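Comments concern the structure below.
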Amino acid sequence: MAKAGSAFESITLNGRNFTCDSESEPEVDLTKYSNETAANTDGTFRVKKTRKVQSISGVEIAVDPALGDLSFINDLQDKLEPFSFMATRVDGGVYSGEVTLVDDVKYKEKDGTMELSIEGRIEML
Numbered sequence: 053m054a055k056a057g058s059a060f061e062s063i064t065l066n067g068r069n070f071t072c073d074s075e076s077e078p079e080v081d082l083t084k085y086s087n088e089t090a091a092n093t094d095g096t097f098r099v100k101k102t103r104k105v106q107s108i109s110g111v112e113i114a115v116d117p118a119l120g121d122l123s124f125i126n127d128l129q130d131k132l133e134p135f136s137f138m139a140t141r142v143d144g145g146v147y148s149g150e151v152t153l154v155d156d157v158k159y160k161e162k163d164g165t166m167e168l169s170i171e172g173r174i175e176m177l
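This is the structure in structure tokens:
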């Protein structure tokens with residue numbers, strides 16, 4: 053049976069819900085460790101594990117400056133501590149966790165959208 057990918061239907065940031073652009077292509081990385089191998093002198097190898105944060109990038113949300121969406125997102129970008137996050141996929145799947153916004157957050161005037169990248173502790177429910 054074929055399985056199709058799924059875009060996000062909505063994303064909730066610190067309790068505020070945003071609708072997602074149906075054309076966005078989120079990239080989800082739930083990897084918990086980065087693995088690197090190192091050779092031993094006897095021809096064997098060992099694995100060095102480095103803990104990493106999970107990430108979701110390329111999420112385009114619809115924003116309305118008249119509703120204060122721009123200042124809300126800017127306030128999140130300025131926060132020093134993580135905030136709650138939840139994303140619902142169109143197929144019903146849900147991602148949840150504690151995150152922070154990373155990279156530049158730019159509002160696209162013509163489209164009325166903003167692309168977000170987040171990092172933190174993310175899990176699929």
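Sequence positions in the sequence shown follow my numbering and run 53 to 177.
Beta carbons: idealized from backbone N, C-alpha and C, even for Gly.
Computed from a predicted model, the values in this text were never measured in an experiment.
- The Cβ atoms of E79 and G120 do not sit closer than 7 Å to each other.
- Annotated three-state conformation of D130 is helix, per DSSP.
- Three or more beta-carbon pairs separated by less than 8 Å are not found between the region 130-146 and the region 81-101, which leaves the two stretches without contact.
- Residue environment for V99: exposed (fewer than 16 other C-beta atoms within 10 angstroms of its C-beta).
- Pairing I113 with V157 gives a Cβ-Cβ distance that is not under 7 Å.
- Contact between S62 and F70 is confirmed by a C-beta separation of about 6 Å, below the 8 Å threshold.
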